[in-house]
Amino acid sequence: MLIHKSSEAFLAVAKYGSFEQAASKLNITASAVTLRVQALEKSLGQILILRERPCKVTQAGKILLEYLQHQRLMEHNLLQQLQGQNSAFIFHQFSIASNADSLATWLLPIIQQTLIKEKITLNVMIDDQSQTHQLLENGLVNACISAEEKTIKGCIAHPLGAMTYKMVATPAFKKQWFSHGISRDALRQAPAIIFNPKDQLHEDTTLSLFGLNMQQYPYHFIPSSTAFIEAIELGLGFGMAPVIQVQKQLIQGTLIELIPSAQTDVQLYWHHWKQQPIPLQCLTNTIIQNAQTVLNTV
Numbered sequence: 475m476l477i478h479k480s481s482e483a484f485l486a487v488a489k490y491g492s493f494e495q496a497a498s499k500l501n502i503t504a505s506a507v508t509l510r511v512q513a514l515e516k517s518l519g520q521i522l523i524l525r526e527r528p529c530k531v532t533q534a535g536k537i538l539l540e541y542l543q544h545q546r547l548m549e550h551n552l553l554q555q556l557q558g559q560n561s562a563f564i565f566h567q568f569s570i571a572s573n574a575d576s577l578a579t580w581l582l583p584i585i586q587q588t589l590i591k592e593k594i595t596l597n598v599m600i601d602d603q604s605q606t607h608q609l610l611e612n613g614l615v616n617a618c619i620s621a622e623e624k625t626i627k628g629c630i631a632h633p634l635g636a637m638t639y640k641m642v643a644t645p646a647f648k649k650q651w652f653s654h655g656i657s658r659d660a661l662r663q664a665p666a667i668i669f670n671p672k673d674q675l676h677e678d679t680t681l682s683l684f685g686l687n688m689q690q691y692p693y694h695f696i697p698s699s700t701a702f703i704e705a706i707e708l709g710l711g712f713g714m715a716p717v718i719q720v721q722k723q724l725i726q727g728t729l730i731e732l733i734p735s736a737q738t739d740v741q742l743y744w745h746h747w748k749q750q751p752i753p754l755q756c757l758t759n760t761i762i763q764n765a766q767t768v769l770n771t772v
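Encoded structure:
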């Protein structure tokens, strides 16, 4: 039988990636967290946490995470049914993972009313759309927006639509760096704007069109959706920007599309565990229904 305190310690380490941060969140000492996790590992006969920086969950730990997540969801559903109207002032907190561009553009506006009506608070974890499903698989979030079509065991994936990206820059930047046309040699000299090291979109584009990887041209890492666009508008570089975020600038001419063939559609999916509390199911329904109004159908 699992001991609640040991399970909570394990969940905290898995979520925050360190025994020290887990201890801070649980208001106990790091040594107490260590003892509780060790006791859990001993009782199950499995190593659950790899003591690295950050800590990583083992395969056995992932199985336990999935179980504990489902246990929490069932408990949440039970309390929801038993408390009924008595829970009118209780907020339901869920963890979701999203790519930064979705969070910065379309996600919050379409779920605003559901969050208010269902009294939901969110812990949003940001990662590249190619990585967010790992957070779900590791049991760290209840649901995620991902570019991964394949479903995780015990989960369901719903297609949402696609975010369209274009390679853009200011007219002045194009004149300075591509005055003789956009060529392989010119791209090797011009600075690029890339979100972070996990962002493969820019490199995939330059690699497919010109055979250039990131080691062959200068670039900035700007890990903020708003600052990313600002950096391009300031003429610091060119980059792959979501059309939904730069449509106004493209119409006004303050930004221009550099290479039409570089346009890329990134299909997004909403992944969630099969068993969901009622408020989270409402959130899922809202996202599935309303994402189609802001994303493209591919």
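In the working numbering, the protein residues as written are 475 to 772.
Think of the CB as a built atom: it goes at the ideal place given N, C-alpha and C, for glycine as much as any other residue.
Asked	Found
Residues of its chain near residue 607, where Cβ-Cβ distance is below 7 Å and the 5 sequence neighbours each way are ignored	618, 620, 622, 626 and 745
Extent of the continuous beta strand (DSSP E) run through residue 773	It is not possible to answer for residue 773, since the shown part of the chain is limited to 475 through 772.
Sequence-distant residues of its chain with Cβ nearer than 7 Å to residue 656 (five each side left out)	732 and 733
Identified DSSP bridge partners for residue 716	639
Extent of the continuous alpha helix (DSSP H) run through residue 647	645–651
Beta-carbon gap between residue 547 and residue 692 smaller than 7 Å	no
Own chain partners of residue 737 with C-beta closer than 6 Å, once the 5 adjacent residues on each side are dropped	640
Span separating the alpha-carbon of residue 596 from that of residue 748	19 Å
Residue from 484, 531, 628 and 489 with nearest C-alpha to residue 510	484
Residues sharing a beta bridge with residue 697, DSSP	None; residue 697 has no bridge partner.
Among 624, 662, 697 and 658, nearest to residue 465 - alpha-carbon criterion	There is simply no residue 465 to check, as the chain begins at 475 and stops at 772 in what is shown.
Residue burial classification, residue 576 (beta-carbon count within 10 angstroms, cutoff 16)	buried
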